[in-house]
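Asker: Mind the numbering: the sequence shown is residues 1 to 345 in the numbering used here, read in order. Below is the structure I would like to discuss, written out as structure tokens.
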Amino acid sequence: MLVQEYGLYQPRYNFMSSDVYKERLTTIRNQQKQMIKQDIAASGNTDWTVNNNKAKGRKMVNDMKKLLLRAFNSECDETIGKVKYNNIETSVRKIVKSAEQIQKLGTIMSVYINQSYIDLKIVELYLAFEYQQKKQQEKEEQRELRAQQREEAKLKKEIEEKRKKIKKEQTHYQQALKNLLSQIKEHGETEDLIAKKAELETELSNIDKSIKDIDYREANQKAGYVYVISNVGSFGENIYKIGMTRRLEPQDRVDKLGDASVPFKFDVHAMIFSDNAPALEAALHRAFEDRKLNMVNTRREFFYVTLDEIKQVVKENFDKTVEFIDFPDAEQYRTSLKMREQLLA
């Protein structure tokens with residue numbers, strides 16, 4: 001059974017960019033034009049005569065060649081313009097069949113389209129299809145890149161805002177401690193002042209830790225959260241999205257995913273902070289490679305797995321304790337089911 005029967009296509013060229021495909025298409029089409037210009041795209045019996053006139057006979061043969069080529073080119077243009085992933089081999093057969101049928105019109109004068117010209121049309125078909133595929137791939141890559149850039153911009157803004165907030169708190173507590181030390185110097189150490197001093201020093205210590213955490217997150221490009229989320233109302237049971245975000249507030253990323261494009265919000269089953277989040281995410285994706293819902297686009301991170309299977313892979317690739325939420329809340333979905341039951345009762 002052919003691979004194409006499954007709706008799959010094995011690329012013939014695998015050029016690195018759509019620009020290369022475009023250049024090659026231009027080259028192939030120019031070759032076709034040159035063949036027509038050099039009168040080698042089609043052949044015919046040049047000894048044909050009309051009323052014993054060889055010149056008229058040659059003109060008739062040439063007119064027939066032009067007619068066949070025009071008809072064939074028109075058929076090919078239509079076929080190439082409509083080529084898709086699910087009709088690529090059918091389109092090749094259509095070009096071959098078109099050539100066979102059109103050439104029958106020139107049988108009497110032995111006029112036919114040269115095989116090398118037909119082959120160029122088939123090459124053009126494959127190139128045109130792969131050009132479309134490459135452009136779509138590049139479009140998706142650019143969309144992914146823009147989304148990544150937006151995430152990075154949001155992370156940068158979060159870091160700036162959090163650092164500003166913490167610095168403000170630090171200044172506040174430093175001033176409070178300074179004032180308290182002045183009171184102690186003036187009035188001596190009382191139990192209340194000592195307790196207050198310890199409290200302020202603890203706050204400043206926590207602030208120092210927060211500043212170090214922010215500095216670390218800013219410097220370490222791999223630190224982030226790997227999330228495991230589901231949307232029972234939208235996708236059903238045992239469908240999980242496994243992704244990662246570098247955001248300081250990872251829930252913001254999850255909330256963004258549950259926007260107007262899906263009817264219900266996502267439920268979080270695990271939010272795992274890792275010093276190397278991309279590595280953990282990649283390990284999970286590799287483990288469930290054959291369970292992807294979208295086998296074509298690797299950036300679609302939905303998998304048909306059980307939560308226990310996810311837990312096992314996390315355990316094998318992450319050395320810290322992770323808290324999982326087994327049962328999704330799915331509040332709006334479950335409420336919607338009850339409301340529908342009441343309406344139908």
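Just so it is clear, CB atoms sit at the ideal spot from N, CA and C, and this is done for glycine as well. Model, not experiment: these values are computed from the prediction.
Would you list the one or two residues that DSSP bridges to residue 230?
Answerer: On the sequence shown, position 230 is the one that residue 230 refers to. 240, 267.
Asker: Taking Cβ positions, are residue 248 and residue 204 nearer each other than 8 Å?
Answerer: Walking along the sequence shown from the start, residue 248 turns up at place 248. Walking along the sequence shown from the start, residue 204 turns up at place 204. Not closer than 8 Å, so no.
Asker: Could you tell me which residues DSSP pairs with residue 292 in its beta bridges?
Answerer: Working through the sequence shown from its first residue, we reach residue 292 at position 292. In the DSSP output, where bridge partners are listed per residue, residue 292 has 303.
Asker: Below 8 Å CB to CB, which residues in the same chain sit around residue 267 once its five sequence neighbours on both sides are set aside?
Answerer: For the purposes of this step, residue 267 is taken as residue 267 along the sequence shown, with counting starting at 1. So the qualifying residues of the chain are 229, 230, 231, 232, 325, 328, 329, 330.
Asker: Using DSSP with H/G/I as helix, E/B as strand and the rest coil, what is residue 116?
Answerer: Translated into positions along the sequence shown, residue 116 becomes position 116. Looking at residue 116 - three-state DSSP - the assignment turns out to be helix.
Asker: Measuring straight from C-alpha to C-alpha, what distance separates residue 62 and residue 44?
Answerer: As a working note, residue 62 is residue 62 in the sequence shown. As a working note, residue 44 is residue 44 in the sequence shown. Going from the Cα of residue 62 to the Cα of residue 44 covers about 8 Å.
Asker: Which same chain residues end up closer than 8 Å to residue 123 when comparing Cβ atoms and leaving out the 5 residues on each side of it in sequence?
Answerer: Your numbering for residue 123 matches position 123 in the sequence shown. Correct list, in chain order: 28.
Asker: Would you identify the three-state DSSP class for residue 224, choosing helix, strand or coil?
Answerer: Position 224 of the sequence shown holds residue 224. DSSP places residue 224 in strand when its eight states are reduced to three.
Asker: Which residue comes first and which comes last in the alpha helix (DSSP H) that contains residue 275?
Answerer: What you label residue 275 is simply residue 275 of the sequence shown in a count that begins at 1. Careful: residue 275 lies outside any alpha helix (DSSP H) and carries neither H nor E.
Asker: Return the CA-CA distance between residue 112 and residue 102, expressed in angstroms with no decimal places.
Answerer: Taking the sequence shown and counting its residues from 1, one reaches residue 112 at position 112. Taking the sequence shown and counting its residues from 1, one reaches residue 102 at position 102. Rounded to whole angstroms, residue 112 to residue 102 spans 8 Å at the Cα level.
Asker: Please say whether residue 159 and residue 211 have beta carbons closer to each other than 8 Å?
Answerer: Start at 1 with the first residue of the sequence shown, and residue 211 comes out as number 211. Start at 1 with the first residue of the sequence shown, and residue 159 comes out as number 159. No. Outside cutoff.
Asker: Just grab the DSSP bridge partners of residue 50 for me.
Answerer: Your numbering for residue 50 matches position 50 in the sequence shown. Its beta-bridge partners are 53.
Asker: Taking the CB atoms as reference points, tell me whether residue 313 and residue 283 lie closer together than 8 Å.
Answerer: Your numbering for residue 313 matches position 313 in the sequence shown. Your numbering for residue 283 matches position 283 in the sequence shown. Contact check for residue 313 against residue 283 passes: the beta carbons are separated by less than 8 Å.
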